[in-house]
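Structure record follows, encoded as structure tokens.
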Amino acid sequence: MTDKIPTQDITPVDAGKKRKSPTMNAEQGELYARRKNIYVKRVQGLFQKLRAAASWVLLTGFFLASLITYEGRQALLFDLPNRQFHFFGTTIFPHDFMLLAWLLIILAFILFFVTNFAGRVWCGYSCPQFVWTWIFIFVEEKTEGSPNQRKKLDKAPWSANKLLRKGSKHLIWLLIAVATGVAFLGYFSPIRELLPRVFTLDLGPWEGFWLGFFIFFTYLFAGWLREQVCIYMCPYARFQAVMFDKDTLIVSYDTARGEPRGSRKKSADPKELNLGACIDCDLCVQVCPVGIDIRNGLQYECITCAACIDACDQVMDKMDYPRGLIRYTTEEELAGRTTKFLRPRLIGYFIVLVAMAIAFVIAVSSRVPLELEVLRDRNQLFRMTNTGQVENSYLIRIANMDQKPHTYELSLRKAEGIKLDAVPVFSLAGGEVRQFPIQLLGNLEQLPQLPAVDIEVHLVSKDDPSIQRTRDSRFIIRQAR
Ligand code: SF4
Ligand code: SF4
0 MTDKIPTQDI TPVDAGKKRK SPTMNAEQGE LYARRKNIYV KRVQGLFQKL
50 RAAASWVLLT GFFLASLITY EGRQALLFDL PNRQFHFFGT TIFPHDFMLL
100 AWLLIILAFI LFFVTNFAGR VWCGYSCPQF VWTWIFIFVE EKTEGSPNQR
150 KKLDKAPWSA NKLLRKGSKH LIWLLIAVAT GVAFLGYFSP IRELLPRVFT
200 LDLGPWEGFW LGFFIFFTYL FAGWLREQVC IYMCPYARFQ AVMFDKDTLI
250 VSYDTARGEP RGSRKKSADP KELNLGACID CDLCVQVCPV GIDIRNGLQY
300 ECITCAACID ACDQVMDKMD YPRGLIRYTT EEELAGRTTK FLRPRLIGYF
350 IVLVAMAIAF VIAVSSRVPL ELEVLRDRNQ LFRMTNTGQV ENSYLIRIAN
400 MDQKPHTYEL SLRKAEGIKL DAVPVFSLAG GEVRQFPIQL LGNLEQLPQL
450 PAVDIEVHLV SKDDPSIQRT RDSRFIIRQA R
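Take the sequence shown: its position 378, counting from 1, is numbered 377 in numbering that gives the first Met the number 0, and each next residue is one higher.
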């Protein structure tokens, strides 16, 4: 993706007033652009309400989902030491890697589909980086005041007032970062046991490391780096342009309607002053969390948060001009053509998405929560017992991938003349993995005159016969000539 997407020409009026975007230093040959503080002004409006609603859903889900209990166990838990993921009564094992891979591919296609249709809505409305950044900006505003007050405070010499304001801001930031770290860790270490241990600082080394890691990076990313993460660190921001086309929704300034820009009285007729609709109030720039001026054309820093739309609509209302000088639009619409919402690429993404979702649902619904591995003893092909029987040894590995305990019965199939040398019934707790050796015995007279025969090892749950697995193996009878 190029750094600028030239969707609109910048008029000569723009040229003189073009603001520095955060990446301009790099374009001008400077290797490192010094970060300039962006004093974001918060704005109200339809899109900001939508963004806030999406943020609340995400935050509520993130902070509370780990507290949900299902069938006596934490509903969502990545149990890394036991290599299990518990999801509402289903235990996902490494054997289920394909299911997880499917799920990730489906999520990727949802992202492709949404991005092709509506641009960077993920970035603007639900990306955790900006959900947390907006919370940190809110705290900043409550502790240090409006953007102008914050600017003055930054320039002012240190005083008790500055210390109090800055100190309380950083303290609240840190508390949010700690809450975030604990909530995140709660998906990997049972949260109800973790919470009291956090307060008594009774954490294991890995828990302590990851808690510190998430506290530090939440504080750094949302408090200090903010838009720098999107501009310089996020790979999605770089490759998303390949998913865009001319019918993708973008936030754009209507140059034809807005230019030439200029201030005027509300009562003045812009036509008489030879002015467009933009009153050059700069509000769209002041509310932009990435510090760009959307009037310079679509820039890749834009996260499509629509704060500039809400700000400009307020200005248009005050001036009694029609809304939508900055709006969600498409390149086609800006060029005077009709936007095609149904287009081959979008339909293609949708078809693939639906097909994969169906395949995923079939795979999940036909999943058997039992894994069976039968490994032959590699040290000894076979052994003759004192009673003249042929003995083969195997290692059996069983994983009960259900949350409930089950009693299983092991048996042999297609194994005439061969029997198990033990009572083959045993119980496994939910999520338990067990491995043990077994011996199979065969009477030489009843076995075929072959070096080896194929057998099937069968395992079935006695309490739920739909849970069963069969594995192929070999029974070695004699040395091959
Ligand atoms: S908010 Fe609207 S009117 Fe004000 S400068 Fe931006 S585009 Fe122009
Ligand atoms: S230009 Fe507008 S939509 Fe883009 S990031 Fe800035 S405020 Fe948000």
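From the three backbone atoms N, C-alpha and C, an ideal C-beta is built for every residue, glycine too.
Quick caveat: nothing in here was measured; it's all calculated off a predicted structure.
{"Check": "Check: G347 C-beta below 8 Å from any heavy atom of ligand 1", "Outcome": "no"}
{"Check": "Contact the stretch 195 to 213 vs the stretch 266 to 286: 3+ CB pairs below 8 Å", "Outcome": "no"}
{"Check": "Nearest-angstrom beta carbon gap, Y393 and L419 [assumed within contact, 8 Å]", "Outcome": "With a Cβ gap of about 10 Å, L419 and Y393 do not count as contacting."}
{"Check": "The stretch 428 to 444 contacting the stretch 389 to 409, beta-carbon criterion three pairs below 8 Å", "Outcome": "yes"}
{"Check": "Classification of S465 by the beta-carbon crowding that lies within 10 angstroms, buried from 16 upward", "Outcome": "exposed"}
{"Check": "Opposing strand residues paired with T89 [DSSP bridges]", "Outcome": "F86, D401"}
{"Check": "F474 versus V456: straight-line alpha-carbon distance, rounded", "Outcome": "11 Å"}
{"Check": "Selection from L103, W223, T406, L449 that minimises the alpha carbon distance to K461", "Outcome": "T406"}
{"Check": "For N295, the three-state DSSP class (helix, strand or coil)", "Outcome": "helix"}
{"Check": "Under the three-state DSSP convention, the category T469 falls into", "Outcome": "strand"}
{"Check": "Proximity of A356 and I105 at Cβ, strictly below 9 Å", "Outcome": "yes"}
{"Check": "Cβ-based neighbour list, F84, same chain, cut-off 6 Å, excluding 5 preceding and 5 following", "Outcome": "F77, I91"}
{"Check": "V289 beta carbon near ligand 2 (any heavy atom closer than 8 Å)", "Outcome": "yes"}
{"Check": "Local conformation of G71 per DSSP, three classes", "Outcome": "coil"}
{"Check": "Residue range of the beta strand (DSSP E) that includes T328", "Outcome": "325 to 328"}
{"Check": "Counted within 10 angstroms of its Cβ, other Cβ atoms place D246 as buried (16 or more) or exposed", "Outcome": "buried"}
{"Check": "C-alpha gap between D471 and G430, whole angstroms", "Outcome": "24 Å"}
{"Check": "Where K151 falls, given that 16 or more other Cβ within 10 Å makes a residue buried", "Outcome": "exposed"}
{"Check": "Endpoints, beta strand (DSSP E) assigned at I214", "Outcome": "Not the beta strand (DSSP E): I214 falls in the alpha helix (DSSP H), residues 204 to 217."}
{"Check": "Chain-order list of residues whose beta-carbon lies under 7 Å from that of Y186 (same chain, five-residue window excluded)", "Outcome": "S65, L75, L76, F77"}
{"Check": "Length of the line joining the Cα atoms of A25 and W133", "Outcome": "Reliability of the predicted coordinates at A25 is poor, the pLDDT of 49 falling under 50, and no value is obtained from them."}
{"Check": "Which of helix, strand or coil DSSP assigns to P436", "Outcome": "strand"}
{"Check": "Residues near D482 by beta carbon distance below 8 Å, same chain, minus five either side", "Outcome": "Summary: the structure shown does not reach residue 482, with the chain confined to residues 0 through 480, and so no result is reported for it."}
{"Check": "Whole-angstrom distance between S145 and A107, CA atom to CA atom", "Outcome": "39 Å"}
{"Check": "A358, buried or exposed, once every other Cβ within 10 Å from all chains shown has been counted against 16", "Outcome": "exposed"}
{"Check": "Closer than 8 Å: G296 CB and nearest ligand 2 heavy atom", "Outcome": "no"}
{"Check": "Heavy atom of ligand 2 within 8 Å of A306 beta-carbon", "Outcome": "yes"}
{"Check": "When F86, C122, R50 are compared against Y69, the one with the closest alpha-carbon", "Outcome": "F86"}
{"Check": "Sequence ranges, alpha helix (DSSP H) only - wholly within the stretch 306 to 388, length at least 4", "Outcome": "306 to 318, 330 to 333, 343 to 364"}
{"Check": "Alpha-carbon to alpha-carbon, V286 and S125", "Outcome": "18 Å"}
{"Check": "Bounding residues of the beta strand (DSSP E) (the contiguous stretch that carries Y252)", "Outcome": "249 to 252"}
{"Check": "Contact test: T499 Cβ vs ligand 2 heavy atom, cutoff 8 Å", "Outcome": "With the chain represented from 0 up to 480, any question about residue 499 goes unanswered, as that position is not in the structure."}
{"Check": "Three-way DSSP call (helix, strand, coil) for Y186 in this model", "Outcome": "coil"}
{"Check": "Environment of M242 [buried if 16+ CB atoms lie within 10 Å]", "Outcome": "buried"}
{"Check": "Coil, strand or helix - F61 by DSSP", "Outcome": "helix"}
{"Check": "Straight-line gap, T329 to N115 (C-alpha atoms, nearest Å)", "Outcome": "11 Å"}
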